[in-house]
């Protein structure tokens, strides 16, 4: 809901609840690229301005009022804050009663997670930027988070996500596979989730399902916010090759690049080192 305003957020939340989904995840910290305001430094890992925190509080309070006291709400910061800002933000929205606060800071430095954990009672979550079980080892052993979000397309596939989930199970940490926004990856993630005993929820951006219906068959069996296995072998779906033509893109075009990619000199604006070569 970046840049759409609270009124749009409320309407989208109502539709999500009506569709039977039992949890909503949102990023209440405005992104300067889409909001047109300078909330963060150039690399988006600096101090967050007080206005950004105040806006996040207003955003989350409006969402809580809309969905009611028992509905599950989750916050994703997309790893944009420094440690001090993350602590302030977590404590400012704690009263909204969150399931988790996801990726408050960049995940490479585990000491930042320790510092945040020591200074807030809000449950923490990381995982989409971690790859293979070795990336998760210290985080799980030291219980730096309460939830993890491995992405089946990035962490090593079905076998590896099962290993990671088993490691988390021994620490009583729940797993919520990340949604990589592709129908094949999501189909694989759904299948793996069925066999994860410490599963929390399967993340999905349900607004993409209308697009998925064009390229896979059969479409996922989703009823009242839950997905059901369809009994078919493998991932349970097949691609429709001719339908994929509609979605072909030039990988070098600006539209194909993630938001943190600077297409003018093919460098990153976020956390990686800029390279003009």
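Numbering (UniProt numbering), first residue to last: 1 to 277.
Virtual Cβ for every residue (Gly too), placed ideally from N, Cα, C.
Does the Cβ-Cβ distance between residue i and residue j come in under 8 Å?
| i | j | result |
| --- | --- | --- |
| residue 293 | residue 82 | The requested residue 293 does not occur in the structure, where the chain is confined to residues 1 to 277. |
| residue 61 | residue 96 | yes |
| residue 244 | residue 184 | no |
| residue 154 | residue 181 | no |
| residue 117 | residue 144 | yes |
| residue 86 | residue 29 | no |
| residue 67 | residue 24 | yes |
| residue 125 | residue 142 | no |
| residue 100 | residue 123 | yes |
| residue 15 | residue 59 | no |
| residue 131 | residue 157 | no |
| residue 148 | residue 173 | yes |
| residue 19 | residue 225 | yes |
Could you check whether the Cβ of residue i sits closer than 7 Å to any heavy atom belonging to the ligand GDP?
| i | result |
| --- | --- |
| residue 154 | Looking for the ligand GDP in the displayed structure turns up nothing, as the structure carries no ligands at all. |
Under the rule that 16 or more other beta-carbon atoms within 10 Å means buried, what is residue i, buried or exposed?
| i | result |
| --- | --- |
| residue 102 | buried |
| residue 249 | exposed |
| residue 232 | exposed |
| residue 121 | exposed |
| residue 241 | exposed |
| residue 36 | Residue placement at residue 36 is flagged as unreliable, the pLDDT there being 42, under the threshold of 50; the coordinate-derived value follows with that caveat. By the 10 Å Cβ count, residue 36 comes out exposed. |
| residue 200 | buried |
| residue 11 | exposed |
| residue 50 | exposed |
| residue 134 | exposed |
| residue 33 | Confidence is the limiting factor: at residue 33 the pLDDT is only 43, short of 50, which leaves the residue's position unreliable and the question unanswerable from this model. |
| residue 127 | buried |
| residue 40 | Residue confidence for residue 40 is low, a pLDDT of 46 falling below 50, so the modelled location carries little weight; the figure read from the coordinates is stated next. Burial call: buried. |
The beta strand (DSSP E) spanning residue i covers which residue range?
| i | result |
| --- | --- |
| residue 23 | 23 to 26 |
| residue 100 | 100 to 102 |
| residue 240 | Looking at the DSSP string, residue 240 is not in any beta strand (DSSP E), and its letter there is neither H nor E. |
| residue 227 | 226 to 228 |
| residue 76 | 72 to 76 |
| residue 145 | No beta strand (DSSP E) contains residue 145, which DSSP labels as neither H nor E. |
| residue 318 | It is not possible to answer for residue 318, since the shown part of the chain is limited to 1 through 277. |
State the start and end residues of the unbroken alpha helix (DSSP H) segment that holds residue i.
| i | result |
| --- | --- |
| residue 222 | No alpha helix (DSSP H) contains residue 222, which is instead part of the beta strand (DSSP E) from 221 to 223. |
| residue 116 | 110 to 118 |
| residue 9 | 6 to 18 |
| residue 63 | 50 to 67 |
| residue 91 | 83 to 93 |
| residue 195 | Element bounds for residue 195: n/a, residue is neither H nor E. |
| residue 159 | 157 to 170 |
| residue 215 | 209 to 215 |
So, under 8 Å CB-CB, residue i and residue j are touching, yes? Tell me the CB distance rounded to an integer number of Å.
| i | j | result |
| --- | --- | --- |
| residue 21 | residue 206 | 7 Å |
| residue 152 | residue 177 | 6 Å |
| residue 74 | residue 98 | 6 Å |
| residue 161 | residue 192 | 5 Å |
Going by CA-CA distance only, name the one from the options that's closest to residue i.
| i | options | result |
| --- | --- | --- |
| residue 105 | 129, 170 and 12 | 129 |
| residue 215 | 86, 239, 50 and 162 | 239 |
| residue 111 | 123, 94, 100 and 138 | 138 |
| residue 189 | 197, 179 and 198 | 179 |
| residue 92 | 186, 69 and 55 | 55 |
| residue 218 | 59, 109 and 230 | 230 |
| residue 76 | 222, 252 and 203 | 203 |
| residue 169 | 156, 150, 187 and 198 | 198 |
| residue 166 | 187, 136 and 186 | 136 |
| residue 27 | 7, 79, 19 and 65 | 79 |
| residue 94 | 107, 119 and 108 | 119 |
| residue 187 | 164, 246, 7 and 212 | 212 |
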